[in-house]
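When we follow my numbering, the leftmost residue of the sequence shown carries the number 9, and every step to the right adds one. Single-structure report; data block below.
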Amino acid sequence: MILVRAEDPNPDSDSLRKSKGVVFLRDLGAVLPLTQALTRGDAAEAPGLWLITRGAQKAGNAQEDVVIDQAPLWGFGRVLDNEHPELRCKRVDLSPEATPLEIAALAAELCMDDPVENEIALRCSLSGSASGSARYVARLTQVSRPRLTTEPRLA
Numbered sequence: 009m010i011l012v013r014a015e016d017p018n019p020d021s022d023s024l025r026k027s028k029g030v031v032f033l034r035d036l037g038a039v040l041p042l043t044q045a046l047t048r049g050d051a052a053e054a055p056g057l058w059l060i061t062r063g064a065q066k067a068g069n070a071q072e073d074v075v076i077d078q079a080p081l082w083g084f085g086r087v088l089d090n091e092h093p094e095l096r097c098k099r100v101d102l103s104p105e106a107t108p109l110e111i112a113a114l115a116a117e118l119c120m121d122d123p124v125e126n127e128i129a130l131r132c133s134l135s136g137s138a139s140g141s142a143r144y145v146a147r148l149t150q151v152s153r154p155r156l157t158t159e160p161r162l163a
């Protein structure tokens, strides 16, 4: 596992390429030099890249606002999925005020390394008697639309 802090804009490409673990980033400014370092060299040796955000995605029934400065990491991660699939870029979003239970769920997610899901939102509740964690992933669902009762008119 490599921990890249936002204050470290130029990670060493040799140490990153040799890593077989997780890379943790805090902002988009650290992602570009990191991915440039990771993509120089043998793609077979590229470590998996995890982008961890807080509040970048709405998930579940949460009423909190999206933290807009975190959202670009998800967009960049989607671009990396298309341009550099060898990085196996995964995005995990925690709530804006991550709880200890949520941090434990993140640790479990990092250890699980699900080969299918690459966009995950973890939300935990500690309110009253209902405490627990939830894992959200993107799914397309069919929505039935109401039938038109009148014919559409062309102008």
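Glycine residues also receive a C-beta, built at the ideal position from the N, C-alpha and C atoms.
- Contact between alanine 142 and arginine 131 holds: their C-beta atoms lie close to 5 Å from each other, under 8 Å.
- Here arginine 86 carries a helix assignment [DSSP, helix/strand/coil].
- DSSP, reduced to helix, strand and coil, places alanine 45 within a helical segment of the structure shown.
- Straight-line measurement puts the Cα of alanine 146 at about 16 Å from the Cα of alanine 79.
- Leucine 109 and arginine 161 have their C-alpha atoms spaced approximately 55 Å apart.
- Rounded to whole angstroms, tyrosine 144 and valine 75 show a C-alpha spacing of 18 Å.
- The beta strand (DSSP E) runs of length 3 or more contained entirely in the region 94-132 are, from start to end of the chain, 98-102.
- The distance from the Cβ of arginine 86 to that of leucine 57 is about 12 Å, inconsistent with a contact at the 8 Å cut-off.
- Residue pairing of valine 145 in beta bridges, as defined by DSSP: Ile128.
- Contact between alanine 45 and glutamate 94 is ruled out by a C-beta separation of about 14 Å, above the 8 Å threshold.
- The three-state reading of DSSP puts leucine 156 in coil, since its state is none of H, G, I, E or B.
- The continuous beta strand (DSSP E) containing isoleucine 60 extends over residues 58-62.
- Each residue's CA atom was taken as its position, placing asparagine 69 and isoleucine 128 some 15 Å apart.
- If you draw a straight line from the Cα of cysteine 119 to the Cα of valine 151, it comes to about 35 Å.
- Under the three-state reduction of DSSP, valine 39 is assigned to helix.
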